[in-house]
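In this note's numbering, the protein residues as written are 1 to 70.
Note that the Cβ used here is the ideal one computed from N, Cα and C, for glycine as well.
A short write-up of the structure that comes next.
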Amino acid sequence: MIDAAEQKLTLHATVQEIPPDPRGDYALGRDELIVEDVDYDQALEAARRRVPEGWRIISLRVERELVPGS
1 MIDAAEQKLT LHATVQEIPP DPRGDYALGR DELIVEDVDY DQALEAARRR
51 VPEGWRIISL RVERELVPGS
């Protein structure tokens, strides 16, 4: 088993404007937030804090990378 301290986690959160109404005849802004941490829960919370007002997270992607031991 790999210790969490030996991993680097990169969380990619795709965010999108919340639609003002359900008509759907408009373009919504979309962006990606990138957070690096060693813990998924901490990375997700950091991403949530960075979501602008009136926007929401629509997808998450996680990359894990082993960090060489010191």
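(message) Under DSSP, the alpha helix (DSSP H) around Ala46 begins and ends at which residues?
(response) Ala46 -> alpha helix (DSSP H) spans Tyr40 to Arg50.
(message) Can you find the residues in the same chain that come closer than 6 Å, C-beta to C-beta, to Thr14, ignoring five residues on each side of it along the sequence?
(response) Glu32, Ile58 and Ser59
(request) Starting from Glu36, follow its DSSP beta bridges and name the residues at the other end. (result) Thr10
(message) Looking at the strands, I want to know which residues DSSP matches up with Val15.
(response) Asp31 and Ile57
(message) So Leu9 and Asp37 are supposed to be a Cβ contact under 8 Å. How far apart are they, rounded?
(response) 5 Å
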